[in-house]
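Chemist: My structure is below; once you've seen it, I'll send some questions.
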Amino acid sequence: MIDKQVATLAEAVAGIQDGATILCSGFGAVGSPDRLFQALLEQGATDLIAVSNNAGSGQIGLAALIKAGRVRRVICSYPRTTDPVVFEEEYRAGRIELELVPQGTLSERMRCAAAGLGGFWSPVGVGTRLAEGKEEREIDGKRYVLELPLKGDAAFVRADKADRWGNLTYRKSARNFNPVMAMAATLTVAEVGELVPLGALDPEVIVTPGIFVDRIVVPGGEA
Amino acid sequence: MIDKQVATLAEAVAGIQDGATILCSGFGAVGSPDRLFQALLEQGATDLIAVSNNAGSGQIGLAALIKAGRVRRVICSYPRTTDPVVFEEEYRAGRIELELVPQGTLSERMRCAAAGLGGFWSPVGVGTRLAEGKEEREIDGKRYVLELPLKGDAAFVRADKADRWGNLTYRKSARNFNPVMAMAATLTVAEVGELVPLGALDPEVIVTPGIFVDRIVVPGGEA
Amino acid sequence: MMPLNRRQIAWRAAQDVPDGAYVNLGIGIPTLVADYKPAEREIVFHSENGILGVGPAPAPGEEDPDLINAGKTLVTLLPGGAYFTHSDAFLMIRGGHLDLALLGAFEVAIGGDLANWTTDDPNMSPGVGGAMDLAVGAREVRVLMQHMTAKGEPRLKRRCRYPLTAPGCVKRIYTDHAVLDVAADGFILREMIPGLDVATLQGMTDAPLHVPAPPGVIATPPL
Amino acid sequence: MMPLNRRQIAWRAAQDVPDGAYVNLGIGIPTLVADYKPAEREIVFHSENGILGVGPAPAPGEEDPDLINAGKTLVTLLPGGAYFTHSDAFLMIRGGHLDLALLGAFEVAIGGDLANWTTDDPNMSPGVGGAMDLAVGAREVRVLMQHMTAKGEPRLKRRCRYPLTAPGCVKRIYTDHAVLDVAADGFILREMIPGLDVATLQGMTDAPLHVPAPPGVIATPPL
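Chains as they are written, first to last, in the working numbering: chain A, 1 to 223; chain B, 1 to 223; chain C, 1 to 223; chain D, 1 to 223.
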């Protein structure tokens with residue numbers, strides 16, 4: 001019997017180690033699993049690497065983890081989003097590392113890890129500062145840089161609905177990074193709005209099949 | 001005003017040149033746009049390269065094109081499927097070339113073209129005959145072969161429903177190669193079961209967004 | 001002589017977007033282009049977070065917090081629109097599926113070099129977002145910006161002073177003074193605002209202006 | 001001494017598939033494993049054409065021509081199942097998301113080399129399908145096959161005679177005579193059918209048999 005639901009947010013983030021790389025979904029504040037970040041704050045893991053499009057908004061979610069000094073490094077495309085005060089302060093103070101990755105490369109590097117590939121030749125960044133130190137080659141008359149897979153020890157995603165097999169659906173633009181991050185981590189934890197009975201999700205409409213999901217938690221609806 | 005529907009199967013395949021590479025969807029007979037192949041047979045293009053999972057079944061569809069001597073080369077993972085008599089006869093007679101590609105590599109090479117990448121490092125085929133002549137390298141302790149993008153001059157896909165913007169949905173396992181092939185060609189032509197009004201397809205459920213689709217034809221329902 | 005305001009620059013650029021185009025609008029002046037789409041044209045706006053068919057801002061009371069664009073602004077979805085994952089949003093960008101990217105810029109150099117992602121301001125963290133992906137991947141890149149900086153320095157240059165987003169990608173520039181196409185050794189003047197002469201515009205431009213035909217006059221409505 | 005029939009080989013292998021596993025079944029004997037899944041376990045079967053949660057053959061009158069498995073046989077979908085594109089089906093395979101692939105084989109060599117895609121029969125075209133992807137990508141590969149060929153030649157060998165599917169991938173082998181694990185320099189005998197002795201089995205095997213502990217007896221029901 002497959003039942004990926006865990007009873008509490010604490011169980012959802014149990015076992016995440018110091019030094020872990022966490023894929024943090026969301027685009028701005030939309031589709032961001034803020035309750036999982038809060039649970040990880042309470043769990044205590046530190047020295048983390050956060051992979052995220054932005055570097056946290058306001059004082060909650062990823063920003064709260066950063067503020068508490070738990071994040072050693074952020075790998076992202078655009079740290080500044082609505083109200084990026086926490087990251088900016090840490091960054092200016094030199095207390096956090098930033099690895100800047102073009103937004104499409106960020107997604108593609110995670111998909112590359114998810115698909116078991118060793119790397120890919122990307123046209124993006126060629127001739128710019130962000131290609132410095134990267135291997136370059138010409139293929140069919142065009143220049144590319146080698147990009148390597150980016151895998152998470154854990155992925156924190158946020159979904160609208162789930163079933164006990166871990167199948168997930170999303171709402172509108174809250175889909176964003178969730179599907180690719182769910183595929184690209186050793187441990188994928190989903191904060192979901194609603195758990196529905198097995199078979200209630202239309203098999204044509206499931207966006208993230210349960211094979212990619214390890215734990216589901218329904219905040220406020222903990223068993 | 002965007003209206004990708006064309007009135008006839010002949011218009012759907014108009015302009016395809018001799019020597020073109022055609023991405024031919026379907027897995028076995030499921031999801032195969034047989035009416036488009038029939039139209040291409042009548043259109044007359046020859047010296048074609050067909051990219052397909054299988055190499056045609058029975059006497060219709062891709063098999064009919066092969067039988068008529070229009071296909072110079074098949075790039076596929078598994079030529080033999082239900083009733084592969086046409087391909088086998090041409091192959092044994094030395095009248096058609098076969099490029100054998102592992103099935104996942106076939107999909108991934110098309111996605112690579114669709115995504116504008118220059119190539120990718122694949123773990124599949126390493127140490128086998130199918131890696132002969134391919135560049136190999138070790139990344140992070142594991143061996144990979146370099147695979148290059150595979151792009152179609154045209155893709156023939158089959159969908160269940162479409163709207164005039166070219167958004168597509170599929171039925172069950174008929175989805176198979178359709179989405180990736182639709183993304184990977186210069187000209188994507190969709191044979192669809194039903195044209196629905198714009199807005200009738202749930203935006204959460206569209207599998208192939210219209211940006212990838214150039215022409216739609218509803219066989220039997222030609223305008 | 002009255003320079004165009006931001007809305008008028010957007011209006012002028014909007015007139016050149018063809019019916020049926022798939023278009024990504026960058027943050028800043030380009031975002032305003034959606035407001036001035038000629039009424040008879042259907043244009044499909046793409047957003048990096050996973051939307052095609054972005055519509056106008058929601059009416060009061062109709063806001064959905066899960067529906068934002070890449071600028072993190074609340075939007076709506078048009079009939080025919082679709083949601084998809086961030087990976088597919090960037091596959092569209094990088095794979096050449098977008099007809100047009102209309103972007104803001106700090107500087108554009110002869111040959112089409114674009115600088116629009118960082119000024120190396122030490123007071124804030126750098127962010128690249130999807131700028132490099134769009135610059136490299138869209139079939140055509142056009143820039144909307146002021147002709148000069150607030151300090152009166154030319155933004156159209158022989159060589160970009162700021163770090164490049166991508167070399168050789170910009171085809172056309174809309175400024176508050178002129179419409180120009182990019183050439184290998186200068187900028188080709190196509191249109192100017194009423195009352196401006198070529199010599200004056202040359203003085204505002206740090207690269208040779210070519211005037212192969214008498215420049216047109218930009219006539220925008222009051223906006 | 002009565003060798004196992006094909007159904008009994010499948011039954012024996014089925015007993016080792018853990019509850020909750022994601023499993024791909026190859027064509028031939030492995031396909032039968034689904035029939036002998038222990039009733040109390042939930043096992044999710046994957047099909048290369050884009051299905052998770054493959055169910056049994058449809059009841060008469062319930063067949064859907066759009067719902068087939070990779071062997072092109074009509075199937076059903078279990079509650080909790082999902083459809084997805086072929087690319088994602090192989091991302092699952094190649095990215096290590098499947099717990100187990102149960103495959104047929106012509107030969108397995110010490111060290112785990114697998115030969116299951118071609119015998120170089122000049123009378124038919126070669127086909128690789130998803131064999132290499134599964135061999136390389138699944139977290140664990142187990143083989144189900146006859147211990148010897150119809151001509152009485154061993155299929156467990158020091159070195160494969162047929163072209164490799166992948167080197168070093170097979171962990172366990174179920175034959176009509178025994179259950180064996182793969183070692184670097186031979187095969188480790190775990191179980192034998194009643195009445196068989198090690199010396200006889202060694203005579204049927206073209207590589208050293210290791211017997212670190214007394215082998216168990218395979219007890220299957222009559223099937």
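Even glycine gets a Cβ: it sits at the ideal position worked out from N, Cα and C.
Note that the structure is a prediction, hence the values are computed from the model and not measured.
#1: List, in chain order, every chain B residue whose beta-carbon is nearer than 9 Å to that of A/Phe120.
#2: Considering only their Cβ atoms, is the gap separating C/Tyr22 from C/Gly50 smaller than 8 Å?
#3: Output the distance between the C-alpha atoms of A/Thr169 and B/Val205, rounded to the nearest integer angstrom.
#4: Just tell me which of D/Pro221, D/Thr85, D/Thr149, D/Ala14 has its CA closest to the CA of B/Val180.
#5: Taking 8 Å as the CB-CB cut-off, is A/Tyr78 touching chain B?
#6: At the 8 Å Cβ level, is C/Gln15 part of the contact set with chain B, yes or no?
#7: Any residues in the segment 65–90 of chain D with a beta carbon nearer than 7 Å to a beta carbon of chain A? Which ones, in chain order?
#8: List the endpoints of the continuous beta strand (DSSP E) containing A/Ser122.
#9: Just verifying my parser: in three-state terms, what is the DSSP assignment at B/Ala223?
#10: Please report how far the alpha carbon of B/Met1 lies from the alpha carbon of C/Ile43, in whole angstroms.
#11: If we define contact as Cβ-Cβ less than 8 Å, is A/Glu204 a contact residue for chain B?
#12: For A/Ala55, count the other beta carbons within 10 Å of its own beta carbon; 16 or more makes it buried, fewer makes it exposed. Which is it?
#13: Residue range of the beta strand (DSSP E) that D/Thr171 falls in?
#14: Could you name the residues of the segment 161–180 of chain A whose beta carbon sits closer than 8 Å to any beta carbon of chain D, in the order they occur along the chain?
#15: Look at the alpha carbon of A/Met183 and the alpha carbon of A/Arg215, and state the distance between them as a whole number of angstroms.
#16: Closest Cβ-Cβ distance between A/Glu88 and chain C: below 8 Å?
#17: Hey, D/Val179 and D/Val141 are a contact pair by Cβ (cut 8 Å); roughly how many whole angstroms apart?
#18: Let me know the secondary structure DSSP gives D/Asn116 once reduced to three states.
#19: Note down the Cα distance separating D/Thr232 from D/Pro221, rounded to an integer number of angstroms.
#20: Please work out which residues of its chain come closer than 6 Å, Cβ to Cβ, to B/Ala131, disregarding the five sequence neighbours upstream and downstream, and give them in chain order.
#21: Which runs of the alpha helix (DSSP H) fall wholly inside the segment 110–196 of chain A and span at least 4 residues, in chain order?
#22: Which runs of the alpha helix (DSSP H) spanning at least 4 residues fall entirely within the segment 82–128 of chain C, listed in chain order?
#23: Chain C partners of A/Tyr91, CB-CB under 9 Å?
#24: Name the residues in the segment 20–47 of chain B whose C-beta lies less than 8 Å from a C-beta of chain A; which are they?
#25: Cβ of D/Lys37 within 8 Å of Cβ of D/Val54?
#26: With a cut-off of 8 Å on the beta carbons, I'd call A/Val213 and A/Gly166 a contact; round off their distance for me.
#27: For the candidate residues A/Ala29, A/Glu42, A/Ile60, A/Gln17, whose alpha-carbon lies nearest to that of A/Leu48?
#28: Is the shortest distance between the beta-carbon of B/Val187 and the beta-carbons of chain C less than 8 Å?
#29: Would the beta-carbon of D/Phe90 fall within 8 Å of that of B/Ser107?
#30: Is any beta-carbon of chain B found at less than 8 Å from that of D/Glu140?
#31: For D/Leu196, I'd like the list of residues in its chain whose CB is within less than 8 Å of its CB, leaving aside the five on either flank, ordered along the chain.
#32: Answer yes or no: does any C-beta atom of chain B fall closer than 8 Å to that of C/Arg158?
#33: Determine whether the beta carbon atoms of C/Tyr174 and C/Arg12 lie at a separation below 8 Å.
#34: Taking DSSP as the reference, what is the three-state secondary structure of C/Arg7?
#35: Evaluate the contact criterion for the segment 114–124 of chain B versus the segment 112–122 of chain A: three or more CB pairs, one atom per stretch, below 8 Å.
Modeler: Well, looking at it:
#1: Cys112, Ala115, Leu117, Gly118, Gly119, Phe120, Trp121
#2: The Cβ-Cβ distance between C/Gly50 and C/Tyr22 does not fall below 8 Å.
#3: 10 Å
#4: D/Thr85
#5: no
#6: Not one chain B Cβ lies under 8 Å of C/Gln15.
#7: Leu77, Pro79, Gly80, Gly81, Ala82, Tyr83, Phe84
#8: 119–122
#9: Bear in mind that a pLDDT of 47 at B/Ala223, under 50, signals an unreliable position, so the number given afterwards is only what the model happens to contain. DSSP, read as helix, strand or coil, puts B/Ala223 in coil.
#10: 8 Å
#11: yes
#12: buried
#13: Going by the sequence as given, residue 171 of chain D is Lys instead of Thr. Where D/Lys171 is concerned, the enclosing beta strand (DSSP E) stretches over 170–174.
#14: Asp163, Arg164, Trp165, Asn167
#15: About 13 Å.
#16: yes
#17: Incorrect: roughly 15 Å between the Cβ atoms, too far for contact.
#18: coil
#19: This structure does not reach residue 232 of chain D, given that chain D is present from 1 up to 223, and the question cannot be answered.
#20: Gly125, Val145
#21: 178–183
#22: 86–94
#23: Met124, Ser125
#24: Answer in chain order: no residues at all.
#25: Their beta carbons are not under 8 Å apart, which means D/Lys37 does not touch D/Val54 by this criterion.
#26: 3 Å
#27: A/Gln17
#28: It is worth fixing the name first, because residue 187 of chain B is Leu in this sequence and not Val. False, the Cβ-Cβ gap to chain C never drops below 8 Å.
#29: The answer is yes: Cβ separation under 8 Å.
#30: no
#31: Met1, His177, Ala178
#32: no
#33: Their beta carbons are under 8 Å apart, which means C/Tyr174 touches C/Arg12 by this criterion.
#34: helix
#35: yes
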